[in-house]
Amino acid sequence: MAGQAILSARGLTRDFRGFRAVDGVDLDVAPETVHALVGPNGAGKTTLFNLLTGFLPASGGRIELDGRDITGLPPERVARLGVARSFQITSLFPQLSAREHVQLALQSPSGLGWRFWRSATLMRRYRDRADELLAMVDLAELAEAPAEALAYGRKRALELAIALALDPKVLLLDEPTAGMGLEDVDRTVGLIAAVRKGRTVVMVEHNMSVVGRLADTVTVLQAGKVLVEGPYEQVRADERVITAYLGA
Ligand code: ADP
22 MAGQAILSAR
32 GLTRDFRGFR
42 AVDGVDLDVA
52 PETVHALVGP
62 NGAGKTTLFN
72 LLTGFLPASG
82 GRIELDGRDI
92 TGLPPERVAR
102 LGVARSFQIT
112 SLFPQLSARE
122 HVQLALQSPS
132 GLGWRFWRSA
142 TLMRRYRDRA
152 DELLAMVDLA
162 ELAEAPAEAL
172 AYGRKRALEL
182 AIALALDPKV
192 LLLDEPTAGM
202 GLEDVDRTVG
212 LIAAVRKGRT
222 VVMVEHNMSV
232 VGRLADTVTV
242 LQAGKVLVEG
252 PYEQVRADER
262 VITAYLGA
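What follows is the structure in structure tokens.
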């Protein structure tokens, strides 16, 4: 394994009834970088995400977090060790406020509650930390709003705050700007740029302008394999990438 990677994969493979969706992927995510996974539909990005977070077991290969083998661990163990993913809007509770969502995440065994559960000032801590996280994602003024009252972009920001509640070493974002208008895309890019400080982010993102603005390293997947990897400008100009996207 590469010495300086915080999250890495070697020969990672996943078969679905004989179909190889992820095919021998090697990946090294350097600490405190934004690493984008891109590629045409069906390239294996979601499957790779699910493998890295323990949501799917690998058919072969190995995953390491900070040099520790996490292959085959269940998602809650992987989360507790420091790999958090943003949850989808469908998992928000319509009537709970933004603050309550973040407080719940903080109280989960993989969040702060694990460390401070005996503290007398526990509830205060949860509330203060929840408000800090909500402020970080521009939701301070909507802390009391029920999730169902939040506009789409604000719901996605809440998902980000929930993921940050786990204080992850590596934050995985699944299409953070999907379905957003230009204004929300810009706002989300600003949020990710802010929360990335001191953190490592791996994101699947279709919007190449977003990738160009945020990513230090881009891995292009095609048919389950790594096609090209490198800095954005270099990857964007690569003939193989252009061909993959045009389907030629
Ligand atoms: P991407 O996220 O890049 O669009 P996916 O990881 O969703 O790609 O899918 C990669 C390939 O694996 C696709 O051909 C898809 O049909 C297949 N696949 C994904 N999940 C399953 C599954 N649960 N069962 C069978 N095939 C699957």
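For the sequence shown, my numbering assigns the number 22 to the initial residue and increments by one for each residue that follows.
Even for Gly, the Cβ is constructed at its ideal location relative to N, Cα and C.
Predicted model only: the values in this text are computed from it and were never measured.
Going by beta-carbon coordinates alone, are residue 217 and residue 55 separated by less than 8 Å?
Position 196 of the sequence shown holds residue 217. Position 34 of the sequence shown holds residue 55. Yes, they are a contact pair.
Short check: CB of residue 193 to CB of residue 74, under 8 Å?
As a first step, residue 193 must be located in the sequence shown, where it is residue number 172. As a first step, residue 74 must be located in the sequence shown, where it is residue number 53. For residue 193 and residue 74, yes; Cβs fall inside 8 Å.
So what does DSSP say about residue 62, is it helix, strand or coil?
For the purposes of this step, residue 62 is identified with residue 41 of the sequence shown, where counting begins at 1. Three-state result, residue 62: coil.
Length of the line joining the Cα atoms of residue 116 and residue 159
Counting from one through the sequence shown, the residue named residue 116 turns up at place 95. Counting from one through the sequence shown, the residue named residue 159 turns up at place 138. Between the alpha carbons of residue 116 and residue 159 lies a gap of roughly 20 Å.
Counting Cβ pairs, one atom from each stretch, are 3 or more of them under 8 Å apart for the segment 151 to 168 and the segment 71 to 90?
The segment 151 to 168 is not in contact with the segment 71 to 90.
Suppose you measure from the CA of residue 123 to the CA of residue 151; what does that come to, to the nearest Å?
By 1-based counting over the sequence shown, the position of residue 123 is 102. By 1-based counting over the sequence shown, the position of residue 151 is 130. Those two C-alpha atoms are separated by around 5 Å.
Tell me the DSSP bridge mates of residue 261?
In the sequence shown, the residue the question calls residue 261 occupies position 240. Under DSSP, residue 261 forms no beta bridge with any residue.
Per DSSP, what kind of secondary structure is residue 70 in: helix, strand or coil?
As a position in the sequence shown, residue 70 is number 49, starting the count at 1. Helix at residue 70.
Helix, strand or coil at residue 41 [DSSP, three-state]:
Within the sequence shown, numbered from 1, the residue matching residue 41 stands at position 20. Of the three classes helix, strand and coil, the one that applies to residue 41 here is strand, per DSSP.
Delimiting residues of the alpha helix (DSSP H) encompassing residue 125:
Locating residue 125 in the sequence shown gives position 104, where the first residue counts as 1. Annotation for residue 125: the continuous alpha helix (DSSP H) segment containing it runs 119 to 128.
Give me the Cα-Cα distance between residue 101 and residue 224, rounded to the nearest whole angstrom.
Mapped onto the sequence shown, residue 101 falls at position 80. Mapped onto the sequence shown, residue 224 falls at position 203. Near 19 Å, if we compare the C-alpha coordinates of residue 224 and residue 101.
Count the C-beta pairs between the segment 91 to 100 and the segment 44 to 52 that are closer than 8 Å, then say yes if the count reaches three, no if not.
No, they do not touch.
Do residue 59 and residue 222 have their beta-carbon atoms positioned less than 8 Å apart in this structure?
Position 201 of the sequence shown holds residue 222. Position 38 of the sequence shown holds residue 59. Their beta carbons are not under 8 Å apart, which means residue 222 does not touch residue 59 by this criterion.
Using the DSSP secondary-structure output, state which residues sit across from residue 84 in a beta bridge.
Sequence index remark: in the sequence shown, residue 84 carries index 63 (1-based). Its beta-bridge partners are 30.
Just mark residue 22 as buried or exposed, buried being the case when its beta carbon has 16 or more other beta carbons within 10 Å.
Start at 1 with the first residue of the sequence shown, and residue 22 comes out as number 1. Note that residue 22 has pLDDT 47, beneath the 50 cutoff, so the model's placement of it is unreliable and the number below is only indicative. By the 10 Å Cβ count, residue 22 comes out exposed.
Residue range of the unbroken alpha helix (DSSP H) whose run includes residue 205:
Within the sequence shown, residue 205 is the residue found at index 184, counting from 1. That run of the alpha helix (DSSP H) goes 203 to 216.
Can you list the residues near ligand 1, meaning Cβ strictly closer than 6 Å to any non-hydrogen atom, in the order they appear in the chain?
Residue selection by CB proximity (closer than 6 Å to any heavy atom of ligand 1) returns 37, 40, 42, 60, 62, 63, 64, 65, 66, 67 and 68 in chain order.
Can you pull the DSSP bridge partners for residue 246?
For the purposes of this step, residue 246 is taken as residue 225 along the sequence shown, with counting starting at 1. 243, per the DSSP bridge assignment.
Near residue 47, which residues of its chain fall below 6 Å by C-beta distance, leaving aside the five closest residues on each side in sequence?
One-based indexing of the sequence shown puts residue 47 at position 26. By the criterion of a C-beta distance shorter than 6 Å, residue 47 is surrounded in its chain by 31, once the five residues flanking it on both sides are discounted.
Would you decide whether residue 265 is buried or exposed? Buried here means 16 or more other CB atoms lie within 10 Å of its CB.
For the purposes of this step, residue 265 is identified with residue 244 of the sequence shown, where counting begins at 1. Label assigned to residue 265: buried.
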